[in-house]
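Taken in order, these protein sequences are the chains called E and Y. Per the numbering used here, the first sequence starts with residue 9, numbered consecutively. Per the numbering used here, the second sequence starts with residue 312, numbered consecutively. Glycine included, every Cβ here is placed at the ideal spot set by N, Cα and C. These numbers come from a predicted model, not from an experiment.
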Amino acid sequence: AQSVTQPDARVTVSEGASLQLRCKYSSSVTPYLFWYVQYPRQGLQLLLKYYSGDPVVQGVNGFEAEFSKSNSSFHLRKASVHWSDSAVYFCALNNNAGAKLTFGGGTRLTVRP
Amino acid sequence: EAAVTQSPRSKVAVTGGKVTLSCHQTNNHDYMYWYRQDTGHGLRLIHYSYVADSTEKGDIPDGYKASRPSQENFSLILELASLSQTAVYFCASSDSGNTLYFGEGSRLIVV
Chain E
9 AQSVTQPDAR VTVSEGASLQ LRCKYSSSVT PYLFWYVQYP RQGLQLLLKY YSGDPVVQGV
69 NGFEAEFSKS NSSFHLRKAS VHWSDSAVYF CALNNNAGAK LTFGGGTRLT VRP
Chain Y
312 EAAVTQSPRS KVAVTGGKVT LSCHQTNNHD YMYWYRQDTG HGLRLIHYSY VADSTEKGDI
372 PDGYKASRPS QENFSLILEL ASLSQTAVYF CASSDSGNTL YFGEGSRLIV V
C-alpha cells in the first residue's frame with residue numbers, strides 16, 4: 009500500500025529565511041508526486057508535480073522540490089520565504105494503480121515577520 | 312470563475328439527520344472526488360467517480376454514499392449524520408486522475 013509521511017506537523021521560520029518541508033513516501037513503483045498548498049479557508053492549490061526526468065522540479069511562487077528515489081523523499085524548498093507563504097502544505101502521491109491521490113498529514117508553515 | 316464549486320459552504324446538522332453536500336465542476340473533467348479533512352489526518356478519500364452514473368469507494372466510505380448524475384455534478388450523502396462526521400469536506404476534479412483541482416470546502420458540524 010502506498011503512503012505519504014510529513015514528519016513535521018508545524019514549522020516556523022522568519023521572513024527571508026530559507027525553507028525545507030519534508031516528505032517521505034512509500035510506494036511499490038516510482039510514483040507521481042505532488043505538493044499542494046492550502047491557504048486559510050480555501051481549497052488546495054497545486055504548487056508543483058513530479059512525473060519523471062529531472063529530479064528537481066520548479067513550481068509557483070519560487071518553490072521547488074527534489075525527488076530522491078534512494079531516500080524515498082520529495083522535499084519542498086524555497087530560498088527566501090515571505091509572510092504570505094504561511095499556509096498548510098500537503099505532499100501527495102499517485103502510484104498509477106488508479107486515479108487516486110494519497111495525501112500526507114500536512115505541515116503548517118508559519119512565517120514570522 | 313471558480314471551476315469547482317461546493318454547496319453549502321457551511322452547515323450545522325443534527326445527529327441522525329440526512330446531509331447532502333453538492334459539487335459542480337466546469338472543467339469538463341471525467342474524474343471527481345470527495346475528500347474529508349481532519350486535523351492531523353490530512354485528506355482522506357471517501358468516494359470518487361470516473362464517469363457519470365458510476366461511483367467507487369475510496370479509503371473511508373463507511374457512513375457515506377455518493378451520486379454522480381452527470382459529468383458536472385457529484386454529491387456526497389450522509390444518510391444518518393453522526394458526531395464523528397464533523398469535518399471539512401473537499402470536492403475535486405481531474406482529467407487524468409493525477410492533478411486534482413479542488414473546491415473551497417464545505418464545513419460540516421454535526422451536533
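Residues of chain E with a Cβ closer than 7 Å to the Cβ of His352/Y are, in chain order, Gly113.
Interface flag for Leu419/Y against chain E is unset, since no Cβ pair is found closer than 7 Å. Burial check for Tyr33/E: the Cβ neighbour count within 10 Å reaches 16 or more, so the residue is buried.
Inclusion of Phe385/Y and Met343/Y in the CB contact set at 7 Å is warranted, their separation being smaller than that value. Contact of Leu387/Y with chain E is not assigned, every C-beta pair being separated by 7 Å or more.
With 16 or more other CB atoms across the displayed protein chains lying within 10 angstroms of its CB, Asn103/E is buried. Note: Cys99/E is bridge-paired with Trp43/E in the DSSP secondary-structure output.
The C-beta distance from Ile388/Y to Thr331/Y rounds to 5 Å, short enough to meet the 8 Å contact threshold. Contact between Tyr40/E and Leu101/E holds, since their C-beta atoms are separated by about 7 Å, short of 8 Å. In the DSSP assignment, Glu23/E falls outside any beta strand (DSSP E) and carries neither an H nor an E.
In summary, the residues of the region 38-65 of chain E whose CB is separated from some CB of chain Y by less than 9 Å are Tyr40, Phe42, Tyr44, Gln46, Arg49, Gln50, Gly51, Leu52, Gln53, Leu54, Lys57, Tyr59, in the order they occur in the chain. Assigned with DSSP and collapsed to three states, Asp93/E falls in helix. The C-alpha of Leu54/E is placed about 27 Å away from the C-alpha of Lys376/Y.
At a cut-off of 7 Å, the C-beta of Asn338/Y has no neighbouring C-beta in chain E.
Restricting attention to beta strand (DSSP E) runs no shorter than 3 residues, the region 322-346 of chain Y encloses them at 330-336, ordered along the chain. Taking CB atoms only, Leu101/E has no neighbour in chain Y less than 7 Å away.
Note: Ile420/Y is bridge-paired with Val323/Y in the DSSP secondary-structure output.
Within 9 Å of the CB of Leu27/E, no CB atom of chain Y is found; the nearest one sits about 20 Å away. DSSP links Leu356/Y through a beta bridge to Tyr346/Y. Going by beta carbons, Gly70/E and Lys86/E fall inside the 7 Å limit. For Asp341/Y, the closest of Thr326/Y, Ser381/Y, Ser417/Y, Ser321/Y by C-alpha to C-alpha distance is Ser381/Y.
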